[in-house]
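**Q** The structure's right below; bear with me while I get my questions together.
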Amino acid sequence: MIGLHKRISLALGSVCIILLCFTIATVVRMVQSDQQQLPQSAAKKTSQYRLVLITHDLSTPFWDKIGESAKKEASQQGATLEVWGSYGEDQNDFLKQIEIAIDSRMDGIIVQGLDTEPFQEMTKIKAAFYGIPIITVASDVPMTDSMRKTYVGSDPIMAGRTIARQMIKDMGEKGNVILLGNDREEYDQQQRVKGVMEVLHNYPLIQTHYIQTSNQKEKVIAATQDGLNRFPDVNAFISIDANLTSAMVQEIERRSQIAPYHIYSFDDHPDILSLLRKGKLDGVIEQSPDTMGKMSVQMMTRWLKGEEIPLNTKGFFTSIRIIQPVDVQ
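Going by full-length UniProt numbering, the residue at position 116 of the sequence shown is 116; the numbering climbs one at a time, nothing skipped.
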């Protein structure tokens, strides 16, 4: 009996050893297979990032330039980039596009900043939860409010200073100035006003009047009427939000001749260059949309590849210049 038990024990031991060897061999093969696949997957990841550019001003010349240069740079970086967005003031659709990009697990989102609480929640909470980097372009929202990695676009404070200096050069060191701004008081607009006031504070004989309105045409016309009625000796207008400029100019023309006034704006609206060519604006801040598109993709891919972490949270400022009617004839 003892001999029989020994033979059974030896047989069972042999079976266990064979099963153990088979299991070890299987695990080794699986590990080797994973090791072979991981570099291929990583290589594919670094050469084919899925990026999206989202704006609430689709099909405008300014954003067409940003989109075209962003696509070109993405191709050179081995990434794919789609341009999504909404038209005009449809903020709900704009926010929905951001939500879709997050749910689609895009590798990176480049977006026109919108200084509202729903936008901040979308970028600061939902995108951050899934680890999707956000870069704002052309319009900024502070990093503390949006958790964006960086901003690419013009410096709004410098833009405000530049337009104020040009106005003083044209108008002189005394007069009455109306600043027309959007009542949403977005971050970029606040910074532009800050830049204007930094310059004008040095000229005590220049009186500044800040009027706010929504961007509905009727509201802009009413606000312009109010300004002309309250300050009949006004010498100059600065439209802080380019979306207000066309209706503002229309009402000034209706009331009197454009010629006596010095009128200034920014270039991020389709009507602006036409108004400048017609001599209805005296100066416009021209930005660099081509550079914005290219640089925003460069910064995003550098972050994704780990080449620059963190990115400069203050942002990367693109060039601006003042242009006048003579420059666009």
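Beta carbons are placed, not taken as given, at the ideal position from N, Cα and C, and that holds for glycine.
Give a yes or no on contact between the stretch 159-166 and the stretch 116-132, applying the rule of three or more CB pairs nearer than 8 Å.
**A** Segments in contact, no.
**Q** Taking the alpha-carbon of Gly153 as reference, which of Ala74, Ile238, Phe62 and Ser86 has the nearest alpha-carbon?
**A** The shortest Cα separation from Gly153 among Ala74, Ile238, Phe62 and Ser86 belongs to Phe62.
**Q** I want to know whether the stretch 299-307 touches the stretch 265-280 - three or more CB-CB distances under 8 Å.
**A** Contact between the stretch 299-307 and the stretch 265-280 is absent, because fewer than three Cβ pairs lie under 8 Å.
**Q** Between Phe237, Glu99 and Thr116, which has its C-alpha nearest Gln207's C-alpha?
**A** Per the Cα distances, Phe237.
**Q** With a 10 Å radius around its C-beta and 16 neighbouring C-beta atoms as the bar for buried, classify Arg277 as buried or exposed.
**A** Arg277 should be labelled exposed.
**Q** Determine, using beta carbons only, whether Ala247 and Ser265 come nearer to each other than 7 Å.
**A** Result no, Cβ atoms of Ala247 and Ser265 do not sit closer than 7 Å.
**Q** Expressed to the nearest angstrom, what Euclidean distance is found between the alpha-carbon atoms of Ser256 and Gln97?
**A** Cα to Cα, Ser256 sits roughly 43 Å from Gln97.
**Q** Drop a sphere of 10 angstroms on the beta-carbon of Arg230, count the other beta-carbons inside from all chains shown, and report buried for 16 or more, exposed for fewer.
**A** So Arg230 ends up on the exposed side.
**Q** Going by C-alpha to C-alpha distance, which of Ala223, Lys217, Asp103 and Gln216 sits closest to His209?
**A** The residue with the shortest Cα to Cα distance from His209 is Ala223.
**Q** Can the beta-carbon of Leu53 be found less than 7 Å from the beta-carbon of Ile110?
**A** Yes, Cβ-Cβ distance for Leu53 and Ile110 is below 7 Å.
**Q** Hey, which unbroken runs of the alpha helix (DSSP H) at 4 residues or more fall wholly within the stretch 96-123?
**A** List check, alpha helix (DSSP H) in window: 117-121.
**Q** Take every Cβ of the stretch 142-152, pair it with every Cβ of the stretch 113-129, and state whether three or more of those distances are shorter than 8 Å.
**A** Counting Cβ pairs under 8 Å, three or more are found: they touch.
**Q** Considering only the alpha carbon of each residue, which of Ala79, Gln77, Gln112 and Ser104 lies closest to Phe94?
**A** When only C-alpha atoms are compared, the closest one is Gln112.
**Q** I need the DSSP call for Val328, collapsed to helix, strand or coil.
**A** The answer is helix: DSSP assigns Val328 an H, G or I state.
**Q** Considering only their Cβ atoms, is the gap separating Asp115 from Glu186 smaller than 7 Å?
**A** Yes, the Cβ-Cβ distance between Glu186 and Asp115 is below 7 Å.
**Q** With H, G and I counted as helix, E and B as strand and the rest as coil, what does DSSP make of Ile258?
**A** Ile258 falls in the coil class under three-state DSSP.
**Q** Taking buried to mean at least 16 other C-beta atoms within 10 Å of its own C-beta, is Arg192 buried or exposed?
**A** The residue is buried, with at least 16 neighbouring Cβ atoms inside 10 Å.
**Q** Where does Gly306 fall in DSSP's three states?
**A** Coil, per DSSP.
**Q** What does Leu81 pair with, by DSSP beta-bridge criteria?
**A** The partner list for Leu81 (beta bridge, DSSP) reads Leu51.
**Q** Let's test the definition: count the other Cβ atoms within 10 Å of the Cβ of Gly315 and tell me whether it reaches 16, buried, or not, exposed.
**A** Buried, because 16 or more other Cβ atoms sit within 10 Å of the Cβ of Gly315.
**Q** Determine the burial state of Asp327: buried for a count of at least 16 other Cβ atoms within 10 Å of its Cβ, exposed for fewer.
**A** The residue in question, Asp327, is exposed, as its Cβ has fewer than 16 Cβ neighbours within 10 Å.
**Q** CB-CB under 7 Å to Pro232, same chain, minus the five flanking residues each way: which ones, in chain order?
**A** Counting only Cβ-Cβ distances below 7 Å, and skipping sequence neighbours, we find nothing.
**Q** So what's Val137 in DSSP terms, helix, strand or just coil?
**A** Val137: strand per DSSP, three-state reduction.
**Q** So, helix, strand or coil for Tyr203, using DSSP?
**A** It is coil, neither helix nor strand.
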